[in-house]
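S.K.: Please find one structure pasted underneath; my questions will follow.
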Amino acid sequence: MNPTALMIMLLSLAIGTTMTLMSHHWLLAWIGLEINTLAIIPLMTKTPHPRAIEAATKYFLTQASASALILFSATMNAWKTGEWSITLLSDPYTITLSMALMMKLGLAPLHFWLPEVIQGIPLSTGLILSTWQKIAPMTLLLQISHLTDLKLLITMGLTSILIGGWGGINQTQLRKVMAFSSIGHLGWMVLILKFNPQLMLFNFLLYITMTAAMFFSLMSISSTKISEISSSWPKSPILVTTMMLVLLSLAGLPPLTGFSPKLLIILELAKQNTLLLASVTMLASLLALFFYLRLTYVMILTLPPHIPPSSTHWRTTKNSPLTATMTTLALLIFPLSPTFLLII
């Protein structure tokens, strides 16, 4: 892609998200979401491949439907209440706005577009879609969390955790694995949103860190399949090892970074006297734990011990300071979790 066009698209993404974050008016927030949607579509189709075109079309149709629902609900709410304020919603429109934002995020059962879209686009665009594009809808959902129905949030959260674990079990494509991982992590966030919004924000920041670390590592070795990661071992064993640890961090195993949000969420659910919900959540997360461990095991088991490095010279690795920084954060933040919670 032309560097000037790329800069314009990235600047539009930044402007759209910033506009949504700074707005207290539904119309301005909707405009920011639309700028985000339109800015990422050229990035999806920068490789002219039928799968990329299909992914961009699916993404556009889904996001356009959700945006239309947001605009229609906000207009009807303004007609009824006389206010466009984000935090002032009447009862029937809170549910529709929440569902539209969840569709934009890719929460189950409105998740069907997310794995297919991420699978059809480049890794760099998948990184933006999995991290930056979640910020604006999640911020709006956070602002209306005190008005959202608790049963809706619990249902969507548990469904997303189950679908995120179940859908990722038999995957060999790493982009689809990251898509189902995103669905599962968003389920944890929505589950705790009503009880403790600050903890949800902490979980969201750690999710962005771990997902970005995984995508940067995949981009460094240009891998989209598990077998390709295994064949990268002779060229960059340290990077492949840290990728396995990042996967375990996404699974939530101690003492890695991903353990802290899960531990704090379970403790918060227990504090709210919802022990049954906490138990069901932990059992549902075992599915995701299984496929993360399976991925790690397959990567270790299929390491080629007898392939000389000369046979893999074609595979270049581009190790950057950003990859090293994000990987370090994705693995070692756990001891600093209380400090970050105090800051939030």
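Numbering (our numbering), first residue to last: 79 to 422.
Each residue gets a CB set at the ideal place from its N, CA and C atoms; glycine is no exception.
Measure the C-alpha to C-alpha separation of tryptophan 392 and proline 333 and round it to an integer number of angstroms.
M.R.: Per-residue confidence for tryptophan 392 stands at a pLDDT of 48, beneath the threshold of 50, marking its modelled position as unreliable; the derived number appears in the next sentence. Straight-line Cα distance between these residues: approximately 36 Å.
S.K.: Please work out which residues of its chain come closer than 7 Å, Cβ to Cβ, to alanine 362, disregarding the five sequence neighbours upstream and downstream, and give them in chain order.
M.R.: Leu236, Ile239, Leu240 and Gly243
S.K.: Which value, in whole angstroms, describes the spacing of the CA atoms of methionine 404 and threonine 335?
M.R.: 12 Å
S.K.: Buried or exposed for leucine 188, going by 16 or more other Cβ atoms inside 10 Å?
M.R.: A buried status is given to leucine 188, since no fewer than 16 other beta-carbon atoms sit within 10 Å of its beta-carbon.
S.K.: Measure from the alpha carbon of leucine 201 to the alpha carbon of each residue in Ser90, Thr125, Thr96 and Gln276, then state which is nearest.
M.R.: Thr125
S.K.: Whole-angstrom Cβ separation of threonine 159 and serine 168, contact assumed at under 8 Å?
M.R.: 6 Å
S.K.: Which residues share a DSSP beta bridge with lysine 303?
M.R.: Gln251
S.K.: Return the first residue and the last residue of the alpha helix (DSSP H) that glycine 60 is part of.
M.R.: The structure shown does not extend to residue 60, since the chain spans only 79 to 422, so no value can be given for it.
S.K.: Evaluate asparagine 351 with the Cβ neighbour count: other Cβ atoms within 10 Å of its Cβ, from every protein chain shown; 16 or more gives buried, anything less gives exposed.
M.R.: Classification for asparagine 351: exposed.
S.K.: Hey, lysine 272 and serine 223 are a contact pair by Cβ (cut 8 Å); roughly how many whole angstroms apart?
M.R.: 6 Å
S.K.: Based on the DSSP output, what are the partners of threonine 163 in its beta bridges?
M.R.: Looking at the sequence shown, residue 163 is not threonine but serine. For serine 163, which the question treats as bridged, DSSP gives the partners His103.
S.K.: Using the C-alpha atoms, what's the distance from proline 312 back to glutamine 251?
M.R.: 21 Å
S.K.: Considering only the beta carbon of each residue, do methionine 292 and alanine 402 sit closer than 9 Å?
M.R.: For methionine 292 and alanine 402, no; Cβs fall outside 9 Å.
S.K.: Classify phenylalanine 258 as helix, strand or coil using the three-state DSSP reduction.
M.R.: helix
S.K.: Can you look up asparagine 155 in the DSSP assignment and give me helix, strand or coil?
M.R.: helix
S.K.: List in chain order: all unbroken alpha helix (DSSP H) runs of 4+ residues lying wholly within the region 90–141.
M.R.: 104–122
S.K.: Any chance the region 342–351 sits against the region 271–290, with 3 or more Cβ pairs inside 8 Å?
M.R.: yes
S.K.: Does DSSP put leucine 296 in a helix, a strand or coil?
M.R.: helix
S.K.: Let's see if you can read the secondary structure: which residues bound the alpha helix (DSSP H) around glycine 198?
M.R.: Start and end: 191–198.
S.K.: Counting C-beta neighbours from all protein chains within 10 Å, is the total for threonine 413 16 or more, i.e. buried, or is it exposed?
M.R.: For the sequence presented, residue 413 should be read as proline rather than threonine. Exposed: under 16 other Cβ atoms inside 10 Å.
S.K.: Go ahead and label proline 128 buried or exposed: buried means 16 or more other beta carbons lie within 10 angstroms of its beta carbon, across all protein chains shown.
M.R.: exposed
S.K.: Can you tell me whether leucine 225 is helix, strand or coil according to DSSP?
M.R.: Leucine 225: coil per DSSP, three-state reduction.
S.K.: Check whether the Cβ atoms of serine 260 and leucine 192 sit closer than 9 Å, and answer yes or no.
M.R.: yes
S.K.: In the DSSP assignment, the alpha helix (DSSP H) including alanine 402 goes from what residue to what residue?
M.R.: 399–410
S.K.: Considering methionine 177, what are the terminal residues of the alpha helix (DSSP H) in which it resides?
M.R.: Its alpha helix (DSSP H) spans residues 169–183.
S.K.: Name the two residues that bound the continuous alpha helix (DSSP H) containing threonine 417.
M.R.: 415–421
S.K.: How is the alpha helix (DSSP H) around threonine 203 delimited, first residue to last?
M.R.: 201–208
S.K.: Where does phenylalanine 273 fall in DSSP's three states?
M.R.: coil
S.K.: On the premise that alanine 133 lies in contact with glycine 198, defined as a C-beta separation below 8 Å, what is that separation, rounded to the nearest angstrom?
M.R.: 3 Å
S.K.: Report back the beta-carbon spacing between threonine 203 and isoleucine 118 to the nearest angstrom; my notes put them in contact at under 8 Å.
M.R.: With a Cβ gap of about 7 Å, threonine 203 and isoleucine 118 count as contacting.
S.K.: Let me make sure I understand the geometry here. Which of Leu205, Val268 and Thr123 has the alpha-carbon closest to that of arginine 253?
M.R.: Residue Leu205 is the option with its Cα nearest to arginine 253.
S.K.: If you follow the alpha helix (DSSP H) that threonine 424 is part of, which residue opens it and which one closes it?
M.R.: No information on residue 424 is available, as it lies outside the stretch 79 to 422 that the chain covers here.
S.K.: Taking 9 Å as the threshold (C-beta atoms), are isoleucine 131 and tryptophan 104 in contact?
M.R.: In this structure, tryptophan 104 lies away from isoleucine 131, with their beta-carbon atoms at least 9 Å apart.
S.K.: Given serine 327, which residues of its chain have a CB within under 7 Å of its CB, disregarding the five upstream and five downstream residues?
M.R.: Met288, Leu334, Thr335, Gly336, Ala408 and Leu409.
S.K.: Let me make sure I understand the geometry here. Which of Pro315, Leu296 and Ala186 has the alpha-carbon closest to that of glycine 265?
M.R.: Ala186
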